[in-house]
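Structure record follows, encoded as structure tokens.
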Amino acid sequence: MEWNQTYNIGIDVIDNQHRQILDYINALEQVKNTGQRDKIKEVLEDLIDYTQSHFSFEENLLEQVSYQYLPSHRGIHDLFVKRLNDYRLKFEKGESIEKDLYRLLSKWLINHIQHDDQDYVDAVRDNMLSYLRKQEEKKGKSWFSRFFS
Numbered sequence: 009m010e011w012n013q014t015y016n017i018g019i020d021v022i023d024n025q026h027r028q029i030l031d032y033i034n035a036l037e038q039v040k041n042t043g044q045r046d047k048i049k050e051v052l053e054d055l056i057d058y059t060q061s062h063f064s065f066e067e068n069l070l071e072q073v074s075y076q077y078l079p080s081h082r083g084i085h086d087l088f089v090k091r092l093n094d095y096r097l098k099f100e101k102g103e104s105i106e107k108d109l110y111r112l113l114s115k116w117l118i119n120h121i122q123h124d125d126q127d128y129v130d131a132v133r134d135n136m137l138s139y140l141r142k143q144e145e146k147k148g149k150s151w152f153s154r155f156f157s
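Position 48 (the sequence shown) corresponds to 56 in the numbering used here; numbering is contiguous.
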């Protein structure tokens, strides 16, 4: 899978994290047919760990901007982490989960970015702009003061 610029939501730190998740999905794709369970396990663990870190970061950001739909967004994350952990348990029992997991991840990531994550972008931007304006006002350097002394 390749990153497409249409996947960007316009918040660089989040976009970079999404690209990293895509890199893990691609790593899974590379090892899924090798039968090397140790490599598959390593990619799976890294993917789950990084995804949970990303979700925590994203949820903290949404909490800071008082995003009104944070509870439902967090719920989506929680359900997805549960699904990942279910796959991990199946893998630990010796089941072959690589192909199904790859299909799930490649569809889920893009859908989540383009719908669930895109929904919070305006709230984050508005809050950040408001924060920056307040910081400028505290410094006595409002936008207008740059043009009028």
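We put the CB at the ideal spot given by N, CA and C, even for glycine.
Identify, in the order they occur along the chain, each residue of the same chain with its Cβ nearer than 7 Å to the Cβ of residue i, setting aside the five sequence neighbours on each side.
i, result
"N24", "none"
"I17", "D23, I121, D125, Q126 and V129"
"Q28", "Y58"
"S157", "Bear in mind that a pLDDT of 40 at S157, under 50, signals an unreliable position, so the number given afterwards is only what the model happens to contain. None."
"I105", "Y95, K98 and F99"
"A35", "V51"
Just verifying my parser: in three-state terms, what is the DSSP assignment at residue i?
i, result
"T42", "coil"
"M9", "coil"
"N16", "coil"
Alpha carbon to alpha carbon, how far is residue i from residue j?
i, j, result
"L30", "L117", "8 Å"
"N41", "I48", "9 Å"
"K98", "V21", "32 Å"
Note down, in chain order, each residue of its chain lying with its Cβ closer than 8 Å to the Cβ of residue i, except the 5 sequence neighbours on either side.
i, result
"V39", "K47, I48, V51 and E106"
- Task: For the region 81-95 and the region 13-27, state whether three or more C-beta atom pairs, one from each stretch, are separated by less than 8 Å.
- Result: no
- Every unbroken alpha helix (DSSP H) within the region 31-113, with a cutoff of 4 residues, ordered by chain: 45-72 and 78-100
- Are the region 52-72 and the region 89-102 touching, with three or more C-beta to C-beta distances below 8 Å? yes
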